[in-house]
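Using the working numbering, you'd call the opening residue of the sequence shown number 111 and step up by one each time.
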Amino acid sequence: MKGILLVILIIAGMAVFFRAYAPEETLQNNLGQMLIIGFEGKEATPEVRSLIEGIRPGGVLLLSRNIESKEQTKKLIEDLQKVSLEATGLKLFVAVDQEGGIISRLPFAEHTSQSDLQDYDQALLVGAKRAEDLQEVGVNMNLAPVLDSLGLGDFLFPRSFKKNYVQSLEIAEGLILGQQQENIIAVPKHFPGYGAIASNPEENEIPSVSHTPDVLIFASLFHKLQLPFVMVSHVVYEDMDSNTALPFSAKGIEFLRQELGDSILVMSDDILSPAFLKKFSYEEIGANAIKAGVNVMIAAGYPDANIVLEFYEELAQEVRKDKELASLVKKSAERIIEVKKEMLR
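See the structure below:
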């Protein structure tokens, strides 16, 4: 009889434990899926493994600090995917900026600059070759192409197509389709554009421009190709929302969805940029972006990767306290997981 009573007590205790633990684990899994994180080093060290296990991110962003050779990069990605699968049962988005030209994180992968592409057919071939090279080492997401409508003095002009709307649209379509054929997820950027901005806004103050750029190239591509992700610019567009940078602007994200479609997953650029960190706390950055409608936040932690975990922990505390925030996190995570199951093979 005593033995039966002991078993009942143990089972009851386990039930209490799991009821208390399950919501926390769910929060951890959901919030983590909204983050694409950066980290230091070229190996999956115990520290990096612990970071992946603790945050359970939806993806990782590889920068030059993580890349040495083809063989090293492939081993790093394999190790990171193994950690993620063991922790969450889900693969990571493994993202790079392989735009071509001056922004090509993988020196051993195809890197023709956007301005050197002349037509749809060439872009299709380049996109396919680039995707093959990315796939070979395990990268599955390319944060490109750059679709901003730019002038000669704009800081992003050297990275653009440097062509008119019709030519740029054809080349962008070919480049994206070439990558899609090889199962690379292309993430066009930076909606609605960094036009009329002379210096990198991530390094200085949050820029403000009076008028929202023309978004026709974005709208045309997204309606034709049904792309899952778009990256937004970190700019205040005064005619849209006079005081709020786009990732924190509900009006701005609503405008984006009107132009590109309701099913789009909205991705920030590096949400931990110096310009944002000068003005906002970690919890303000994360909570304001989520409430505005951002679904995926890049937290690159460059040049200091230590801030990534600090950002996650403070944002997690905010989500625990705010039911509305928790609900939005859950909805984004569900959509992200749907895309993963559909697109990550």
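Glycine included, C-beta positions come from ideal geometry on N, C-alpha and C.
So, with DSSP's three-state summary, where would you put Val346? For Val346, the secondary structure class from DSSP, reduced to helix, strand or coil, is strand.
Would you mind reading off the limits of the beta strand (DSSP E) that contains Thr283? It should be noted that the sequence gives Glu, not Thr, for residue 283. No beta strand (DSSP E) holds Glu283; the alpha helix (DSSP H) holding it covers Tyr275 to Gln291.
Which of the three DSSP states, helix, strand or coil, is assigned to Gln228? coil
I'd like the list of long-range same chain contacts for Gly211, defined as Cβ closer than 6 Å, with 5 residues on each side in sequence excluded. Ser223
Ranges of the beta strand (DSSP E) found wholly within the stretch 400 to 451, counting only runs of at least 3: 406 to 409
Return the chain-ordered ranges of every alpha helix (DSSP H) run that is complete within the stretch 227 to 263 and spans a minimum of 4 residues. 230 to 247
Closer than 8 Å by C-beta to Asp541: which residues in its own chain qualify, once you throw out the five before and the five after it? Chain order, please. Given that the chain is displayed from residue 111 to residue 455, the structure contains no residue 541 and the question cannot be resolved.
Out of Leu186, Glu150, Asp189 and Ser194, which one is the CA nearest neighbour of Gly169? Ser194
Of the residues Gly237, Phe332, Glu369 and His321, which one's Cα is nearest the Cα of Ser352? His321
Tell me, please, whether the stretch 411 to 425 touches the stretch 372 to 379 by the rule of three or more beta-carbon pairs shorter than 8 Å. No: the two stretches stay apart, fewer than three of their Cβ pairs being nearer than 8 Å.
With DSSP as the reference, label Gly396 as helix, strand or coil. helix
Straight-line CA distance for Leu202 to Gln368? 29 Å
Which word fits Gly199, buried or exposed, when buried means at least 16 other C-beta atoms lie within 10 angstroms of its C-beta? So Gly199 counts as exposed.
Assuming Gly169 is part of the beta strand (DSSP E), what are its boundary residues? Gly169 to Leu171
Leaving aside the five residues before and after Val236 along the sequence, list all residues of the same chain whose C-beta is less than 7 Å from its C-beta, in chain order. Hits under 7 Å: Glu220, Thr222, Leu227, Leu285 and Gly288.
Burial state of Glu209, where buried means 16 or more other Cβ atoms lie within 10 Å: buried
Proximity to Glu313 [Cα-Cα], best of Ile395, Arg166 and Leu387: Leu387
Specify whether the stretch 417 to 430 and the stretch 132 to 149 touch according to this definition: at least 3 beta carbon pairs, one from each stretch, less than 8 Å apart. yes
Look up Met341 in the DSSP assignment and give the residues it is bridged to. Met377
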